[in-house]
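The next block holds one structure in the form of structure tokens; read it before the comments.
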Amino acid sequence: MDGFLNINKSKSVTSHDVVARIRQLTGIRRVGHSGTLDPLATGVLLVAVGRSTKLIRFLPTDKTYRATVHLGVETTTYDAEGDIVCQIPLPPDVTPARIRTALHQFMGQIEQQPPVYSAIKVSGKPLYKFARQGRSVAVPKRQVTIYAIRDIQVALPQVTFSVHCSAGTYIRSLAHDLGQHLGCGGYLAGLVRTQIGHFSLTDSIPMDSIANDSTQCPPPELTGVLIPPDQALAHLPRVIIPEAVVSRVKNGVSPALNDLLYLPPDISAPAIVRLDAESGQLVAVATYCETGQLTLERVL
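Number 329 in my numbering belongs to position 259 of the sequence shown; there are no gaps in the numbering.
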């Protein structure tokens, strides 16, 4: 079994719990996910199985969420799990129009302060461990990109919206920063990851739909929805090599530019690309370098 699973993670389940469950159901040890989803969040969690764990770093990284922010309350964790830090009555000027204006000010490339309760490591130790010990650790802001904020619905004290963002964006921090900007505080009350790249929630499989008493290992509910690497990496620019070069590439030899049958004319270096045989078979993943050369990253 080799490929990817688009899992709809349930609430109160950790991403690690999902990985452990897939290991149990498949009997395969090499299982990993493409990015942690907080326990209180639900939605798309991409799980790699078998050799595909080596391809996780080439998966699409942009994500889309449906978030609900509760205004007027701040918590230690920036979400509903934390202790309440303060409660502030909503000022009269916190109107739907002002909230929409404030949200749009977060669009584009921004600097974001990660929550102290997060898995980011400092000196090899996750931040949340320092926070639980009551220790303060300086964490630099991170540059992230908010591509779009849309479908804003205001039903005070809650605001719900969709956000399309880059990897590394903390929606908890966005909720906290929105509350700070409005002067009333706020925390993330609900979060659904609706998309990772071209992987959508509508195509995901709920974990509770997989039979616990299946006599087959792996169960057909998983093998029937396994996404092959070729489909998972469909977002990468396609470089085509002749069949005569395929064996050399599989032996770890990068193809020369004059070997290529097709190179996207609009490609700009550096770029991660997929090397496909004339037959359409995915052969390898490579980096198209600024020197105009191809460097193999992973051979399939």
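Yeah, the Cβ is synthetic: ideal placement off N, Cα and C, and Gly gets one too.
In this structure the stretch 77 to 92 does not touch the stretch 124 to 141; the number of beta carbon pairs closer than 8 Å is below three. Here the stretch 206 to 221 does not lie against the stretch 105 to 117, with fewer than 3 beta-carbon pairs under 8 Å apart. Collapsing the DSSP output to three states places THR123 in a helix. With contacts defined by Cβ atoms closer than 8 Å, ILE310 and ASP346 form a contacting pair. When DSSP states are grouped into helix, strand and coil, SER232 belongs to the strand group. Ranked by how close their Cα comes to the Cα of ASP163, the residues GLY178, LEU141 and ALA150 have LEU141 in first place. Runs of the beta strand (DSSP E) spanning 3 or more residues and lying entirely within the stretch 137 to 168 occur at 143 to 145 and 154 to 157, in chain order. Counting the other Cβ atoms within 10 Å of the Cβ of SER317 gives fewer than 16, which makes it exposed. Per DSSP, the continuous beta strand (DSSP E) segment holding VAL224 begins and ends at 212 to 225.
DSSP places ILE241 in the uninterrupted alpha helix (DSSP H) bounded by 241 to 252. Around the beta carbon of ARG242, 16 or more other beta carbons lie within 10 angstroms, which makes this residue buried.
The DSSP-derived three-state label of TYR198 is helix. Counted as a single uninterrupted DSSP element, the beta strand (DSSP E) harbouring LYS79 occupies residues 73 to 79. With respect to GLN265, LYS79 sits apart: the two C-beta atoms are not nearer than 8 Å. Rounded to the nearest whole angstrom, the CA to CA distance from GLU313 to VAL139 is 54 Å. Taken through DSSP and simplified to helix, strand or coil, THR96 comes out as helix. The beta carbon of SER274 lies closer than 7 Å to those of ASN76, ILE77, ASN78 and VAL114 in the same chain, with the five residues before and after it left out. For the set VAL319, ARG136 and TYR257, the Cα lying nearest the Cα of THR365 is the one of VAL319. Within a 10 Å sphere around the beta-carbon of GLN183 sit fewer than 16 other beta-carbons, which makes this residue exposed. Classified as buried, PRO299 has 16 or more neighbouring CB atoms from the shown chains inside 10 Å of its CB.
Residues LEU248, HIS251 and LEU252 of the same chain have their beta carbon placed closer than 8 Å to that of ALA172, with the five preceding and five following residues left out of the count. Listed as beta-bridge partners of ALA354 by DSSP are LEU345 and VAL369.
The Cβ neighbour count for ILE280, taken over all protein chains shown within 10 Å, is at least 16; the residue is labelled buried.
PHE200 and TYR240 have their alpha carbons spaced roughly 19 Å apart.
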